[in-house]
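Protein chains: 4
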Amino acid sequence: MPTTSEFSARLISQTTFIPPEDVPWEPSPAGGDASNLVEFAGRACYETWDRPNPHTAENDAYVRHILDVGHLSLLEHASAGVYLRGVSRSCAHEIMRHRHFSFSQLSQRYVPAEQSEVVVPDAVAADPEIAELLLHATDVARDAYEELLEAIEARTTGESNSVLRAKQARQAARAVLPNATETRFVMTGNMRSWRHFIGMRAAEHADPEIRRVAVRCLGLLRGVSPEIFDDFTITELRDGSLMATSPYVADI
Amino acid sequence: MPTTSEFSARLISQTTFIPPEDVPWEPSPAGGDASNLVEFAGRACYETWDRPNPHTAENDAYVRHILDVGHLSLLEHASAGVYLRGVSRSCAHEIMRHRHFSFSQLSQRYVPAEQSEVVVPDAVAADPEIAELLLHATDVARDAYEELLEAIEARTTGESNSVLRAKQARQAARAVLPNATETRFVMTGNMRSWRHFIGMRAAEHADPEIRRVAVRCLGLLRGVSPEIFDDFTITELRDGSLMATSPYVADI
Amino acid sequence: MPTTSEFSARLISQTTFIPPEDVPWEPSPAGGDASNLVEFAGRACYETWDRPNPHTAENDAYVRHILDVGHLSLLEHASAGVYLRGVSRSCAHEIMRHRHFSFSQLSQRYVPAEQSEVVVPDAVAADPEIAELLLHATDVARDAYEELLEAIEARTTGESNSVLRAKQARQAARAVLPNATETRFVMTGNMRSWRHFIGMRAAEHADPEIRRVAVRCLGLLRGVSPEIFDDFTITELRDGSLMATSPYVADI
Amino acid sequence: MPTTSEFSARLISQTTFIPPEDVPWEPSPAGGDASNLVEFAGRACYETWDRPNPHTAENDAYVRHILDVGHLSLLEHASAGVYLRGVSRSCAHEIMRHRHFSFSQLSQRYVPAEQSEVVVPDAVAADPEIAELLLHATDVARDAYEELLEAIEARTTGESNSVLRAKQARQAARAVLPNATETRFVMTGNMRSWRHFIGMRAAEHADPEIRRVAVRCLGLLRGVSPEIFDDFTITELRDGSLMATSPYVADI
Numbered sequence: 006m007p008t009t010s011e012f013s014a015r016l017i018s019q020t021t022f023i024p025p026e027d028v029p030w031e032p033s034p035a036g037g038d039a040s041n042l043v044e045f046a047g048r049a050c051y052e053t054w055d056r057p058n059p060h061t062a063e064n065d066a067y068v069r070h071i072l073d074v075g076h077l078s079l080l081e082h083a084s085a086g087v088y089l090r091g092v093s094r095s096c097a098h099e100i101m102r103h104r105h106f107s108f109s110q111l112s113q114r115y116v117p118a119e120q121s122e123v124v125v126p127d128a129v130a131a132d133p134e135i136a137e138l139l140l141h142a143t144d145v146a147r148d149a150y151e152e153l154l155e156a157i158e159a160r161t162t163g164e165s166n167s168v169l170r171a172k173q174a175r176q177a178a179r180a181v182l183p184n185a186t187e188t189r190f191v192m193t194g195n196m197r198s199w200r201h202f203i204g205m206r207a208a209e210h211a212d213p214e215i216r217r218v219a220v221r222c223l224g225l226l227r228g229v230s231p232e233i234f235d236d237f238t239i240t241e242l243r244d245g246s247l248m249a250t251s252p253y254v255a256d257i
Numbered sequence: 006m007p008t009t010s011e012f013s014a015r016l017i018s019q020t021t022f023i024p025p026e027d028v029p030w031e032p033s034p035a036g037g038d039a040s041n042l043v044e045f046a047g048r049a050c051y052e053t054w055d056r057p058n059p060h061t062a063e064n065d066a067y068v069r070h071i072l073d074v075g076h077l078s079l080l081e082h083a084s085a086g087v088y089l090r091g092v093s094r095s096c097a098h099e100i101m102r103h104r105h106f107s108f109s110q111l112s113q114r115y116v117p118a119e120q121s122e123v124v125v126p127d128a129v130a131a132d133p134e135i136a137e138l139l140l141h142a143t144d145v146a147r148d149a150y151e152e153l154l155e156a157i158e159a160r161t162t163g164e165s166n167s168v169l170r171a172k173q174a175r176q177a178a179r180a181v182l183p184n185a186t187e188t189r190f191v192m193t194g195n196m197r198s199w200r201h202f203i204g205m206r207a208a209e210h211a212d213p214e215i216r217r218v219a220v221r222c223l224g225l226l227r228g229v230s231p232e233i234f235d236d237f238t239i240t241e242l243r244d245g246s247l248m249a250t251s252p253y254v255a256d257i
Numbered sequence: 006m007p008t009t010s011e012f013s014a015r016l017i018s019q020t021t022f023i024p025p026e027d028v029p030w031e032p033s034p035a036g037g038d039a040s041n042l043v044e045f046a047g048r049a050c051y052e053t054w055d056r057p058n059p060h061t062a063e064n065d066a067y068v069r070h071i072l073d074v075g076h077l078s079l080l081e082h083a084s085a086g087v088y089l090r091g092v093s094r095s096c097a098h099e100i101m102r103h104r105h106f107s108f109s110q111l112s113q114r115y116v117p118a119e120q121s122e123v124v125v126p127d128a129v130a131a132d133p134e135i136a137e138l139l140l141h142a143t144d145v146a147r148d149a150y151e152e153l154l155e156a157i158e159a160r161t162t163g164e165s166n167s168v169l170r171a172k173q174a175r176q177a178a179r180a181v182l183p184n185a186t187e188t189r190f191v192m193t194g195n196m197r198s199w200r201h202f203i204g205m206r207a208a209e210h211a212d213p214e215i216r217r218v219a220v221r222c223l224g225l226l227r228g229v230s231p232e233i234f235d236d237f238t239i240t241e242l243r244d245g246s247l248m249a250t251s252p253y254v255a256d257i
Numbered sequence: 006m007p008t009t010s011e012f013s014a015r016l017i018s019q020t021t022f023i024p025p026e027d028v029p030w031e032p033s034p035a036g037g038d039a040s041n042l043v044e045f046a047g048r049a050c051y052e053t054w055d056r057p058n059p060h061t062a063e064n065d066a067y068v069r070h071i072l073d074v075g076h077l078s079l080l081e082h083a084s085a086g087v088y089l090r091g092v093s094r095s096c097a098h099e100i101m102r103h104r105h106f107s108f109s110q111l112s113q114r115y116v117p118a119e120q121s122e123v124v125v126p127d128a129v130a131a132d133p134e135i136a137e138l139l140l141h142a143t144d145v146a147r148d149a150y151e152e153l154l155e156a157i158e159a160r161t162t163g164e165s166n167s168v169l170r171a172k173q174a175r176q177a178a179r180a181v182l183p184n185a186t187e188t189r190f191v192m193t194g195n196m197r198s199w200r201h202f203i204g205m206r207a208a209e210h211a212d213p214e215i216r217r218v219a220v221r222c223l224g225l226l227r228g229v230s231p232e233i234f235d236d237f238t239i240t241e242l243r244d245g246s247l248m249a250t251s252p253y254v255a256d257i
């Protein structure tokens with residue numbers, strides 16, 4: 006029986022800011038690299054190095070002002086990357102429709118799925134009998150995958166290159182693998198893209214799995230830059246799952 | 006037992022060119038809308054309306070020159086869209102990583118999969134016994150999907166909104182649906198993106214299913230604009246499947 | 006003295022929709038190609054070919070619903086292109102920061118500027134004395150350009166390739182050409198990008214010249230697709246210039 | 006007389022890699038953050054954490070292999086930003102056509118140009134007499150700018166908001182400012198975009214000013230990641246300026 010997979014999200018990259026010495030401005034010690042870089046880029050548009058406006062003199066107030074006036078391109082200068090594991094193939098498919106991110110995903114064509122796990126939706130995991138139904142079905146799929154692998158490799162003995170033969174077998178046999186099959190991938194984007202992703206996918210109406218991914222990423226990104234993500238409020242829904250919203254998220 | 010799905014690709018949109026009357030240039034009657042528009046945009050950069058260079062006076066020669074010198078942004082002014090059916094979910098996932106296209110895909114969350122079909126890889130379809138293995142497995146998956154749907158809906162009677170309850174059941178139950186499940190989608194892109202997609206995915210090393218999609222799209226796009234796609238040569242591989250290459254496709 | 010340039014915007018391309026025959030749905034005769042294509046792509050996500058919801062059965066109501074729920078990616082399937090002339094270089098610079106469009110612009114490196122015109126800002130044109138100031142300055146700049154061309158060509162006689170020598174002279178001499186110098190370009194984008202551009206640049210706070218471009222493009226695009234652009238209201242400002250806004254434009 | 010401006014490029018941001026502890030792989034101590042992150046993302050696609058191929062076991066060899074096979078999306082996970090000053094407006098215009106970068110540029114609408122400088126093309130600076138021609142013309146333009154500012158502000162006394170009035174005057178008066186006017190901006194992109202930019206703009210045929218920018222950025226990026234940029238060779242042209250090429254740059 007396939008093991009069920011735990012969702013995991015790790016922050017693996019972030020932007021380091023190197024303030025140029027020959028600009029008459031110092032980053033706020035209270036601010037992080039991402040938000041100070043955003044402020045630097047914003048001030049570069051107006052050369053307001055001396056912080057003439059007292060209401061935006063602090064870094065967090067400056068970033069909030071940027072959200073207020075919608076000068077969102079400034080947020081593109083800082084990026085972050087996460088390594089996600091324990092995500093279902095169907096959820097990954099939905100995530101990868103966000104075209105402003107960069108993705109590198111575990112290949113089903115190159116990597117055999119013998120040891121892969123399945124991601125059980127919360128609505129299924131909540132009831133042992135229903136979970137049993139799902140695990141049985143994915144178990145059958147796994148067995149079929151292995152049978153197919155063997156049968157296809159046996160049939161294509163005409164292909165002398167054994168690496169190629171194995172790849173051809175895998176890319177055909179994976180046809181029976183279920184949506185629930187775990188995948189893993191690196192996902193990198195700038196802060197504007199991350200805010201858009203979280204705004205859309207941490208919302209109540211989103212699919213529960215992608216919502217969980219979005220809320221977890223929000224947590225990691227707040228660690229990177231509280232200034233850029235603190236307008237989001239995380240709340241618990243009736244079913245115990247989490248969602249997040251912000252007054253700055255205008256549209257889905 | 007699920008029905009197996011036939012791959013289908015239909016051209017559903019293309020760019021119509023409206024040459025401005027107050028420019029001293031006429032489109033070539035021999036050229037199509039896409040390639041004449043590309044030539045117009047190219048000539049607009051240099052205002053060479055009078056076709057001073059005899060080697061590029063004809064529309065097809067002009068387009069070939071653009072490929073030669075790599076002025077590929079001109080190809081972005083013309084677009085085309087196709088409606089694809091009979092594509093497996095796993096193949097669609099791979100296609101949708103091409104971030105310069107626009108996609109609208111049949112939703113597994115909103116649309117029940119009872120009547121959905123499966124896409125059988127050629128390497129499987131070639132041998133009835135192997136195909137039998139696959140169809141049995143996808144049959145089991147379909148049954149499990151229906152069982153799950155029912156069990157989850159029965160369990161969530163607390164949710165009074167029946168539309169929402171059905172959606173919640175579908176988005177959990179689809180976890181057992183296989184990669185082979187058919188999907189359908191609209192895919193729109195400009196000619197530069199299409200050339201890149203075909204260059205990468207019609208190549209020999211590509212997955213057979215995505216290769217079939219790419220070669221078929223190439224056929225449709227040649228109908229739209231022979232000038233922009235005639236550098237590709239389609240050849241048959243040993244297994245009877247098709248591939249396409251062009252000397253202008255530098256990298257994978 | 007340089008001639009002043011008239012702003013001109015011509016629609017040069019639009020998307021033609023070819024509804025597939027084997028789908029049980031017909032486009033609305035009242036709708037245009039762009040909005041019917043958008044509806045087709047939307048219905049393809051749910052296979053609601055039979056128009057089950059009476060409130061969105063008409064094409065214009067369907068498009069309005071898409072704006073309401075923010076399913077904006079559907080708007081990407083239809084595109085339009087315009088040919089713009091009589092735009093100042095500084096305004097073109099601002100326009101070309103919109104990264105979701107494709108541009109092909111008249112080259113200052115390849116095309117001599119002897120006969121180029123200047124674009125006079127409305128705030129300047131409104132007062133003959135102020136306009137005189139500007140035209141005198143651009144006149145001096147034009148003379149300097151020609152002097153520089155000649156002087157640089159004379160100096161680089163070491164370069165035997167006369168085409169290259171002329172190009173080198175132009176790319177250096179253009180340094181004195183003013184922001185007001187007219188440029189011309191093709192600008193192509195999908196309906197989502199056009200709505201974003203118009204939402205930002207037809208707003209009251211935008212620079213008057215880019216606002217004029219945006220309002221004029223809105224007029225052309227309404228001709229292409231009233232359904233997709235009719236939520237915008239055009240109003241006249243105190244100074245007689247036009248602006249446009251829509252309740253669907255959430256942020257600048 | 007306007008002061009001539011010195012070109013300056015400062016590295017202001019780069020990606021820091023945080024290797025996840027629960028992956029059985031350690032970054033190469035010899036490699037930098039960017040190239041180790043790229044290797045991590047590549048290995049995540051195949052889970053070849055144990056470096057099974059001795060030819061790509063070293064980080065620099067791994068990156069070179071990625072260039073060889075064209076798996077360029079991996080390069081998108083690492084980014085860098087530069088702050089550029091002493092760039093002419095016309096050169097900035099050309100740079101900002103590269104749509105995969107993020108830009109934040111000094112505003113001519115908001116910031117008065119009284120103290121702005123001019124960028125003198127090398128072909129002009131090389132000859133004092135020619136330089137004199139240019140500086141005289143830009144001097145006249147500056148004076149005209151100040152006259153226009155004053156005249157327009159005097160004329161629009163009806164507008165009671167003095168900040169708005171000044172902005173309206175600046176956005177009209179800037180029409181006479183020359184292409185040579187200095188601008189400053191932040192430019193951020195991932196390593197794939199940077200390689201593309203350098204491949205196109207450090208080539209011999211590029212405009213001398215943008216070529217200088219590209220070669221200087223190449224120097225900074227090599228400091229960030231020799232592994233990702235060491236295939237480029239910098240050579241001196243006959244006129245003493247620099248260019249760079251790489252065997253991996255297939256097309257312009």
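Chains as they are written, first to last, in my numbering: chain P, 6 to 257; chain A, 6 to 257; chain R, 6 to 257; chain W, 6 to 257.
Glycine included, C-beta positions come from ideal geometry on N, C-alpha and C.
Every value quoted in this text rests on a predicted model; they were computed, and no experiment measured them.
{"Query": "Does the segment 175 to 190 of chain R touch the segment 124 to 135 of chain W, meaning 3 or more C-beta pairs lie closer than 8 Å?", "Result": "yes"}
{"Query": "At which residues does the beta strand (DSSP E) containing S13 of chain W begin and terminate?", "Result": "S13 to F22"}
{"Query": "Where does Q113 of chain R sit, in a helix, a strand or coil, going by DSSP?", "Result": "coil"}
{"Query": "List the whole-angstrom C-beta distance separating V43 of chain R from L79 of chain R, where the pair is believed to meet the contact cut-off of C-beta under 8 Å.", "Result": "5 Å"}
{"Query": "Along the chain, which unbroken stretches of the beta strand (DSSP E) at least 3 residues long are found entirely within the segment 29 to 106 of chain P?", "Result": "84 to 93"}
{"Query": "Are there 16 or more other CB atoms within 10 angstroms of the CB of I233 of chain P, so buried, or fewer, so exposed?", "Result": "buried"}
{"Query": "At 9 Å on the CB atoms, spell out the chain R contacts of F234 of chain A, in chain order.", "Result": "The premise fails here: F234 of chain A is roughly 18 Å from chain R at the closest Cβ pair, so nothing lies under 9 Å."}
{"Query": "Comparing the C-beta of Q120 of chain A with each C-beta of chain P, is any distance below 9 Å?", "Result": "no"}
{"Query": "Rounded to the nearest angstrom, what separates I257 of chain W and G204 of chain W at their Cα positions?", "Result": "Residue placement at I257 of chain W is poorly supported in this model, since its pLDDT is 36, which falls under 50; the coordinates are not used for a value here."}
{"Query": "So, with DSSP's three-state summary, where would you put E158 of chain P?", "Result": "helix"}
{"Query": "In angstroms, rounded to a whole number, what distance separates the CA positions of R211 of chain A and Q19 of chain P?", "Result": "Note that residue 211 of chain A corresponds to Ala in the displayed sequence, not to Arg. Each residue's alpha carbon lies about 33 Å from the other."}
{"Query": "Whose Cβ in chain D lies nearer than 7 Å to the Cβ of E152 of chain A?", "Result": "The structure shown contains no chain D; its protein chains are P, A, R and W."}
{"Query": "Find the nearest neighbour of R114 of chain P within the set W:R227, W:G245 and W:E52, judged by alpha-carbon distance.", "Result": "W:E52"}
{"Query": "Whether or not the segment 183 to 191 of chain R and the segment 76 to 95 of chain R are in contact is what I'm after, with contact meaning three or more pairs of Cβ atoms, one per stretch, closer than 8 Å; do they touch?", "Result": "yes"}
{"Query": "CB H103 of chain P to CB A97 of chain A, shorter than 9 Å?", "Result": "no"}
{"Query": "Less than 8 Å between the CB atoms is what I'm expecting for V68 of chain A and S40 of chain A, so what's the real figure, rounded?", "Result": "5 Å"}
{"Query": "Please classify F190 of chain P: does DSSP put it in a helix, a strand, or coil?", "Result": "strand"}
{"Query": "For Q120 of chain R, count neighbouring Cβ atoms within 10 angstroms of its own Cβ and tell me buried if that reaches 16, exposed if not.", "Result": "exposed"}
{"Query": "Under 8 Å, CB to CB, which of the residues in the segment 84 to 105 of chain P have a partner in chain W?", "Result": "S84, G86 and Y88"}
{"Query": "What residue does the beta strand (DSSP E) around L247 of chain A start on, and which one ends it?", "Result": "L247 to T250"}
{"Query": "For V123 of chain A, name the three-state secondary structure that DSSP assigns.", "Result": "strand"}
{"Query": "Could you check the C-alpha separation between I239 of chain P and H70 of chain P for me, to the nearest Å?", "Result": "22 Å"}
{"Query": "Is it buried or exposed, A156 of chain A, if we count other Cβ atoms within 10 angstroms and call 16 or more buried?", "Result": "buried"}
{"Query": "Could you tell me the boundaries of the alpha helix (DSSP H) in which E232 of chain A lies?", "Result": "P231 to F234"}
{"Query": "Within the 9 Å Cβ cut-off, does G37 of chain A reach chain R?", "Result": "no"}
{"Query": "Once you ignore the five residues that flank V129 of chain A on each side, which residues in its own chain have a CB closer than 6 Å to its CB?", "Result": "I135, A136 and L139"}
{"Query": "Would you say S33 of chain A and S84 of chain R are within 9 Å of each other, going by their C-beta atoms?", "Result": "no"}
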